[in-house]
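A.B. asks: Those protein sequences? They're chains P and W, same order as listed.
If you count by the numbering used here, then the first sequence holds residues 21 to 372, one letter each, in order.
If you count by the numbering used here, then the second sequence holds residues 21 to 372, one letter each, in order.
Number of protein chains: 2
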Amino acid sequence: MSIFWSEIAKQITPYVPGEQPRDKKYIKLNTNENPYPPSPEVIKAIRKAANEDLRLYPDPDCNELRCVIAEYFTLSKDQVFIGNGSDEILAFSFPAFFNPKKPILFPDITYSFYTVYAKLFHIDYHLIPLDHEFSIPVDQLTKKNFGIIFPNPNAPTGKYLPIEKIKHVLEKNKEVMVIIDEAYIDFGGKSAVSLLSQYPNLLIIQTLSKSRSLAGLRLGFALGHKDLIEGLNRVKNSFNSYTIDRLALACAKEAIKDTTYFNNIRNKIITTREQTANQLIDFGFKVIDSKANFLFITHPVHPAEKLFSQLKEWGILVRYFKTPRIDNYLRVTIGSDEQMDTFLTTVQKLLP
Amino acid sequence: MSIFWSEIAKQITPYVPGEQPRDKKYIKLNTNENPYPPSPEVIKAIRKAANEDLRLYPDPDCNELRCVIAEYFTLSKDQVFIGNGSDEILAFSFPAFFNPKKPILFPDITYSFYTVYAKLFHIDYHLIPLDHEFSIPVDQLTKKNFGIIFPNPNAPTGKYLPIEKIKHVLEKNKEVMVIIDEAYIDFGGKSAVSLLSQYPNLLIIQTLSKSRSLAGLRLGFALGHKDLIEGLNRVKNSFNSYTIDRLALACAKEAIKDTTYFNNIRNKIITTREQTANQLIDFGFKVIDSKANFLFITHPVHPAEKLFSQLKEWGILVRYFKTPRIDNYLRVTIGSDEQMDTFLTTVQKLLP
Chain P
21 MSIFWSEIAK
31 QITPYVPGEQ
41 PRDKKYIKLN
51 TNENPYPPSP
61 EVIKAIRKAA
71 NEDLRLYPDP
81 DCNELRCVIA
91 EYFTLSKDQV
101 FIGNGSDEIL
111 AFSFPAFFNP
121 KKPILFPDIT
131 YSFYTVYAKL
141 FHIDYHLIPL
151 DHEFSIPVDQ
161 LTKKNFGIIF
171 PNPNAPTGKY
181 LPIEKIKHVL
191 EKNKEVMVII
201 DEAYIDFGGK
211 SAVSLLSQYP
221 NLLIIQTLSK
231 SRSLAGLRLG
241 FALGHKDLIE
251 GLNRVKNSFN
261 SYTIDRLALA
271 CAKEAIKDTT
281 YFNNIRNKII
291 TTREQTANQL
301 IDFGFKVIDS
311 KANFLFITHP
321 VHPAEKLFSQ
331 LKEWGILVRY
341 FKTPRIDNYL
351 RVTIGSDEQM
361 DTFLTTVQKL
371 LP
Chain W
21 MSIFWSEIAK
31 QITPYVPGEQ
41 PRDKKYIKLN
51 TNENPYPPSP
61 EVIKAIRKAA
71 NEDLRLYPDP
81 DCNELRCVIA
91 EYFTLSKDQV
101 FIGNGSDEIL
111 AFSFPAFFNP
121 KKPILFPDIT
131 YSFYTVYAKL
141 FHIDYHLIPL
151 DHEFSIPVDQ
161 LTKKNFGIIF
171 PNPNAPTGKY
181 LPIEKIKHVL
191 EKNKEVMVII
201 DEAYIDFGGK
211 SAVSLLSQYP
221 NLLIIQTLSK
231 SRSLAGLRLG
241 FALGHKDLIE
251 GLNRVKNSFN
261 SYTIDRLALA
271 CAKEAIKDTT
281 YFNNIRNKII
291 TTREQTANQL
301 IDFGFKVIDS
311 KANFLFITHP
321 VHPAEKLFSQ
331 LKEWGILVRY
341 FKTPRIDNYL
351 RVTIGSDEQM
361 DTFLTTVQKL
371 LP
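1) Which residues, in order along the region 42-61 of chain P, keep a beta-carbon less than 9 Å from a beta-carbon of chain W?
2) Drop a sphere of 10 angstroms on the beta-carbon of P/Val321, count the other beta-carbons inside from all chains shown, and report buried for 16 or more, exposed for fewer.
3) Could you name the residues of chain W that P/Val136 contacts, counting a contact when the two beta carbons are closer than 7 Å?
4) For the region 103-120 of chain W, which residues have a beta carbon sitting closer than 8 Å to at least one beta carbon of chain P?
5) Taking only beta-carbon atoms, is W/Val255 less than 8 Å away from chain P?
6) Whose Cβ in chain W lies nearer than 9 Å to the Cβ of P/Pro80?
7) Using the C-alpha atoms, what's the distance from P/Ser132 back to W/Ala297?
8) Can you tell me where the beta strand (DSSP E) with W/Gly251 in it begins and where it stops?
9) If you drop the 5 nearest sequence neighbours on each side, which residues of the same chain put their C-beta closer than 6 Å to that of W/Val88?
10) Between the Cα of P/Thr291 and the Cα atoms of P/Thr279, P/Asp278, P/Thr280 and P/Ala312, which residue gives the shortest distance?
11) Against P/Arg75, what residues of chain W qualify as contacts under a CB-to-CB distance less than 8 Å, listed in chain order?
12) Given a threshold of 16 other Cβ atoms within 10 Å of its Cβ, counted over all protein chains shown, does W/Gln368 qualify as buried or as exposed?
13) Do the CB positions of W/Arg238 and P/Asp73 come within less than 8 Å of each other?
14) Does the Cβ of P/Asn104 have 16 or more other Cβ atoms within 10 Å, making it buried, or fewer, making it exposed?
15) Let me make sure I understand the geometry here. Which of W/Phe328, W/Ser233, W/Pro372 and W/Thr366 has the alpha-carbon closest to that of W/Gly38?
16) Between W/Val189 and W/Val196, how many whole angstroms is the CB-CB distance? I'm expecting something under 8 Å.
17) Note down the Cα distance separating W/Ala116 from W/Ile285, rounded to an integer number of angstroms.
18) Output yes if chain P places a C-beta closer than 8 Å to the C-beta of W/Asn221; else output no.
19) What is the rounded straight-line gap between the Cα of P/Ala203 and the Cα of P/Pro176?
20) Determine whether the beta carbon atoms of W/Ile109 and W/Gly240 lie at a separation below 8 Å.
21) With burial defined as no fewer than 16 other Cβ atoms inside 10 Å of the residue's Cβ, what is the status of W/Ile23: buried or exposed?
22) Pull out every residue of the region 171-189 of chain P whose Cβ sits closer than 7 Å to any Cβ of chain W, in chain order.
23) Using only CA atoms, which one of W/Asn257, W/Asn83, W/Arg339 and W/Arg67 lies nearest to P/Ala29?
24) Based on the DSSP output, what are the partners of W/Tyr145 in its beta bridges?
25) Quick check on the DSSP output: the alpha helix (DSSP H) that includes P/Gln359 runs from which residue to which?
26) Beta carbon of P/Tyr137, beta carbon of P/Leu337: below 8 Å?
27) Starting from W/Thr353, trace the beta strand (DSSP E) in both directions and tell me its first and last residue.
28) Looking only at C-alpha atoms, which of W/Tyr340, W/Ala65, W/Arg339 and W/Trp334 sits nearest to W/Thr365?
29) Under DSSP, the alpha helix (DSSP H) around W/Asp107 begins and ends at which residues?
30) Out of P/Pro41, P/Lys44, P/Pro55 and P/Asp201, which one is the CA nearest neighbour of P/Met360?
31) How many Å lie between W/Ile249 and P/Leu181 at the Cα?
32) Can P/His142 and P/Pro123 be called in contact, C-beta distance under 8 Å?
33) Identify every residue that forms a DSSP beta bridge with W/Val189.
34) Contact criterion: CB-CB distance below 8 Å. Does W/Glu72 meet it with respect to chain P?
35) For W/Ala242, which of W/Ile354, W/Ala69, W/Lys97 and W/Met21 has the nearest alpha-carbon?
36) Indicate the three-state DSSP secondary structure (helix, strand or coil) for W/Thr280 in the structure shown.
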């Protein structure tokens, strides 16, 4: 604490990302990174863009990349916004679309950054408790509100809300913003992008960090009606004109274009997830049905916190959240088949 | 305008950066980019970092880069903060150190992003008018305030405030934050970094965009007491955990380390600036004394706005601000000797 901190700097509780340990080599199954490298086209594009043009500012409007993403989703360029990771877009969305003293809704168990943004931007919120199976109770999202945000699939549960239920939420909330955070949509879910033409209040946020193996690059995007994109641009351009560097702009295009590679690695991850889930069920775990690149698991006998520590000792990092309702669960990122074999063998050893 | 925009999204007036035209090739003297490429070590480092580790998140705390910058300035790592361009650090500083209804001070003619940040974060401010020679009247910075921010050298004037005057400001403002935006300090000014040990309320912000030829990379840093850096981290970690990508982290280190290259190009720019200034004075221009990589100029007969348009027709972009007190001035970035020769020849042709 410092006397020079603002009131809000004193009050906020910053988000804590998963560990990025530098002390030793772990099998990292704690931050939902992709076990496969990015497309070789991405690497080529970076090497090509590593040139003297770096002395010049990047295109602040990211026009070329927006065109590529628009084409991928059959949208127009003005329906696409680019951010420095999907977190930056979420951070812009709170002041762009939500107002102080006009409470928004999101699930009680969800991406823990939402409460952090709400505090930073003085946005009130009501938590909607997930049901006992960790599903979002969509009927609760029809009560009076001034905005809705949730991830689909949800984090850290991995649980997916089918498109019909998303449509139900949108039908009942035509007067307010509905933001769907689709960071994990490429691992078996169906994007709500097909609903964009019907709902001018729908904003979809995706990222290249997970399904396109580019967590190290920081690139996210939002899709929505052009007026919503303009709203995001107003906030972004009141914050930082040039958020995306030339290297990221150059190689993100290639990541989107290389659909063969993309489909190959995401299908591999889906297969590995299903195999891992079955094995864990055999070990006696309860495994929440996941459409993400992670599993959310609990064991009837072996406490999650203990298992987390034991796995760490064995050189395997998973994620444990010491928060109500989920403090006996572990979130396990889907790694390569080899990594998951090691994980499963180790878990089996540790079980009572 | 959209019914889904927040109140603040409707009210803000976003910053407008200098043109980044894509229609044709201009001599770009409008956004203070460096005419020389980044150090060859930077390019090498990017090519090396373009590898499969991009699938992993970067170090959110930027530890290695902070160590390199700390060593360069003889500070400790916890006195260094890294941002996605110095603009992002400025954007974090407003909510981190300033409070609504507690007005801060900055010059009337200065970096036009300050008023944008103030509006976005609901910070009140009083403008301190520069004197008729465009100097910051430091005695005006001793009146009651809740924070001070100004660039040194100032933008868009290029005028530099000597370190003794900075010290005077700090002596009179020990209870409030004083933020000095040193984006252009490497072109002949003396950084206030030597004052950090005496003033725990001093935050200095620098960038790799100008003197290190990396505008295309987005990398800025702040130097200050560790408690101030912690304040910045609290806001940053309530906004976006991973703001700097792996490529930027890898190559920024090399840009800081290659001091020979850095000193060579900044000295070249200083020499070109002085030669250009002398020539412009010969042409009848008034040239504000600059310690930046640009000149702020006005002509007694030829209107700046007209000259701006004429230069653009001739394929030369400079910056013109249609704002009170400076609407008859042009800001001209110092390019290579060849670019400045073309600029000067063209200007001479256009003068009455």
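Backbone N, C-alpha and C define an ideal beta-carbon position, used for all residues, glycine too.
C.D. replies: Let me lay it out:
1) Arg42, Lys48, Thr51, Glu53, Asn54, Pro55, Tyr56, Pro57 and Pro58
2) exposed
3) Ser258
4) Asn104, Gly105, Asp107, Glu108, Ala111, Pro115, Ala116, Phe117, Phe118 and Asn119
5) yes
6) Pro37 and Gln40
7) 55 Å
8) Counting along the chain, W/Gly251 falls outside any beta strand (DSSP E), though it belongs to the alpha helix (DSSP H) covering Lys246 to Lys256.
9) Lys273 and Ile276
10) P/Ala312
11) Glu53, Asn54, Pro55, Tyr56, Pro57, Pro58, Ser233, Leu234, Ala235 and Gly236
12) exposed
13) no
14) buried
15) W/Phe328
16) Contact flag wrong, Cβ pair sits at about 11 Å.
17) 35 Å
18) yes
19) 12 Å
20) yes
21) exposed
22) none
23) W/Asn257
24) W/Ile124
25) Asp357 to Leu370
26) no
27) Leu350 to Thr353
28) W/Trp334
29) Ser106 to Phe117
30) P/Pro55
31) 41 Å
32) no
33) Partner(s): none; W/Val189 has no beta bridge.
34) yes
35) W/Lys97
36) helix
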